[in-house]
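Working notes for the structure below.
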Amino acid sequence: MSGAQLFIREDLGLTGVQVEVLTGSMNLFMLVSILAAGWAADLLGRRGTLVLANAFLMAGALAMSAGASYAALMAARFVTSVGVGFARVVAPVYNAEISPASTRGVLSSLLDMFVNIGILLSYVSNFALAGLPAHLGWRVMFAAGALPPVFLAAGVLAMPESPRWLVMRGRHGEARAVLARTSDTPAEADLRLEEIKQVVSASQQAGGGGAGAGVWKEMLVRPTRSVRRVLVCVVGLQFFQQASGIDAVVLYSPLVFRKAGMSSNRAVLGAAVAVGVVKTCFILVATLLSDRVGRRPLLLASAAGAAAALASVAITLCAAGGSATTSSSWSAACVASVLAFVAAFSVGLGPVVPTYSSEVMPLRLRAQGTSLGTAVNRVACGAVTMTFISLAGWITMAGCFFLYAGVAAAAWAFVYTQLPETSGRSLEDMEVLFTK
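The opening residue of the sequence shown carries number -3 in my numbering; numbering runs sequentially from there.
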């Protein structure tokens, strides 16, 4: 959408408000599937829900490429959003449940890394297709997104089901076979199976572990002290991740660069490619460090760096707007500041937040709890992306980035005061950690 919106606006004559609503509407549309994803994951299994997600992703990409009006594009955006919502909830849950404790940080962070490789490839394709006629270029950009979900669905069907879900369904033999494939030793597989069985048994005796209203009641109506603390951590992390403005930068970086003085479409899209490269590289760094350094240090460093870089973007935009010097100097400074923010965000707040959020939830609440956290994440993201252009017109674009810098600073304080370290602990040990 980042590159395509330039050509959609030109081809269909959309207003700035229509563009920001079309761009940010995904985050509100996703709430439908996000809130249903936990139920679907407990009912259909983690794999079945991921296959369903990819069917929606493929259909949505094709519908976007064929859209001939604003209303048609909004409808297609809804279809895509359903698939994204299912995937955003279930993929982190699956990764956390399939991984051994020793490498869970790395394996869970791979999800965010490859999502951003996909974003980078979309930037590259936008740049490569920028020379096509306006009425054709954006349609090809969206149509290219229809093929990957086909391969992904086939890959999901070849993967083993989550052993935690299998135990919840009483399929202990299948769960033992999966654990044997994903553990370092047979003894570790047996130990993990017994721990999971004990947790599931305790959950069933307490009346939890299903996909019904009892799960939501345990989370929101009568939570234990440890569950309440887990929810505060999960909801807080998911909120701060998006409220710090990352999606505003990813989606509207072309507008930001133009505000700083860039005028060429190819130069703007080339700078957007640089954003994707930096984001992917630093997520890879975070992926490699997640288990060695720990979740908490990465989050603290990330939030502090993001706050400083966002303030730098704001100062650069202020200087560019009130200076008579050549625009190329300020545009280069703006690009550098944006890249610094993306790097800081990607080393912690990007990949670590979904890993942390999915691993700390108790098994009986994991799917539904991840749905709740992701819903908060998407609402915050929607509030940012659907108001960025209008907010910039009210408090200036520099004012927007000063606001995001303040949120990032608040995120640092939240991590420092609320979050315990989870690296190296088994999923079954998390509830004990949060009772301390």
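The C-beta atom is built at its ideal place from N, Cα and C for all residues, glycine as well.
1) Looking only at its own chain, which residues have a Cβ that is under 8 angstroms from the Cβ of Leu296, when we skip the five neighbours before and after it?
2) Cβ of Arg288 versus every heavy atom of the ligand ZN: is any distance shorter than 7 angstroms?
3) May I ask you to verify whether the segment 114 to 129 touches the segment 278 to 297, counting CB pairs closer than 8 angstroms and requiring at least 3?
4) Where does the unbroken alpha helix (DSSP H) through Glu427 begin, and where does it stop?
5) DSSP on Pro96, reduced to helix/strand/coil?
6) So, are the CB atoms of Val102 and Thr283 less than 8 angstroms apart?
7) DSSP on Arg421, reduced to helix/strand/coil?
8) Excluding five sequence neighbours on each side, which residues of the same chain lie with their C-beta closer than 7 angstroms to the C-beta of Gln1?
9) Who are the near neighbours of Thr45 in its chain, counting only those whose CB is closer than 6 angstroms to its CB and skipping five residues on each side?
10) Thinking Arg172 and Ile192 are a contact (beta carbons under 8 angstroms), I'd like their distance in whole angstroms, please.
11) Are there 16 or more other CB atoms within 10 angstroms of the CB of Glu157, so buried, or fewer, so exposed?
12) Given a cut-off of 8 angstroms, decide if Phe235 and Ala340 are closer than it, judged by their beta-carbon atoms.
13) Would you call the CB atoms of Val13 and Ser386 closer than 8 angstroms?
14) By a C-beta neighbour count over all protein chains shown, 10 Å radius and 16 as the cutoff for buried, is Gly232 buried or exposed?
15) Between Glu355 and chain D, is any beta-carbon pair separated by less than 8 angstroms?
16) Using the three-state DSSP reduction, which class does Lys432 fall into: helix, strand or coil?
17) Using a Cβ-Cβ cut-off of 6 angstroms (strictly less than) and excluding sequence neighbours within five positions of Ser61, which residues of its own chain qualify?
18) Could you spell out where the alpha helix (DSSP H) holding Asp38 opens and where it closes?
19) Going by beta carbon distance, what residues of the same chain come within less than 7 angstroms of Arg225, once the five residues before and after it are set aside?
20) When the Cα of Cys396 is compared with those of Val47, Gly41, Ile242, which residue comes out closest?
21) Can you give me the Cβ contacts of Val265 inside the same chain, cut-off strictly under 6 angstroms, excluding the 5 residues immediately before and after it?
22) Sort Lys213, Arg165, Leu187, Ile4 by Cα distance to Leu128 and report the nearest one.
23) Could you give the DSSP three-state label for Ala57: helix, strand or coil?
24) Between which residues of its own chain and Glu190 is the CB-CB distance below 7 angstroms, once the five residues before and five after are set aside?
25) Compare the Cα-Cα distances from Ala149 to each of Ala49, Gln237, Ala239 and report the closest residue.
26) Where does Gln414 fall in DSSP's three states?
27) Is the separation between the beta-carbon of Ser333 and that of Ala305 shorter than 8 angstroms?
28) Taking the alpha-carbon positions, what's the Leu10 to Ala67 distance?
29) Use the C-beta contact count for Lys275: other C-beta atoms within 10 angstroms, 16 or more gives buried, fewer gives exposed.
30) Within the chosen definition, does the segment 69 to 82 reach the segment 21 to 30 through at least 3 CB pairs nearer than 8 angstroms?
31) Go ahead and pull the three-state DSSP assignment for Met155.
32) Please state if the CB of Phe384 and the CB of Val331 are separated by a distance shorter than 8 angstroms.
33) Nearest by alpha-carbon distance to Ala336: which of Leu162, Ser422, Ala388, Val273 is it?
34) May I ask you to report which of helix, strand or coil DSSP gives Ala244?
35) Given this structure, state the Cα-to-Cα distance separating Phe147 from Ala404, to the nearest angstrom.
Checking against the coordinates, here is how it stands:
1) Gly344, Trp408, Val411, Tyr412
2) Absence of the ligand ZN is noted for the structure shown, with no ligands found whatsoever.
3) no
4) From DSSP, the alpha helix (DSSP H) with Glu427 extends over 426 to 429.
5) coil
6) yes
7) coil
8) Val15, Thr19
9) Ala36, Ala37, Phe82, Val86
10) Not a contact, Cβ separation roughly 10 angstroms.
11) Glu157 comes out buried.
12) No, the Cβ-Cβ distance between Ala340 and Phe235 is not below 8 angstroms.
13) yes
14) Classification of Gly232: buried, given that the 10 Å Cβ count is 16 or more.
15) The question asks about chain D, but that chain is absent: this structure has only one protein chain.
16) coil
17) Arg135, Phe138, Ala139
18) 12 to 40
19) Phe430
20) Ile242
21) Note on residue identity: the sequence assigns Leu, not Val, to residue 265. Closer than 6 angstroms at Cβ, skipping near neighbours: Gly(-1), Asn122, Phe123, Ala126.
22) Of Lys213, Arg165, Leu187, Ile4, the residue nearest in Cα terms is Ile4.
23) helix
24) none
25) In terms of CA proximity to Ala149, Ala49 leads the group Ala49, Gln237, Ala239.
26) Here Gln414 sits in helix by DSSP.
27) yes
28) 11 angstroms
29) buried
30) yes
31) coil
32) no
33) Val273
34) helix
35) 37 angstroms
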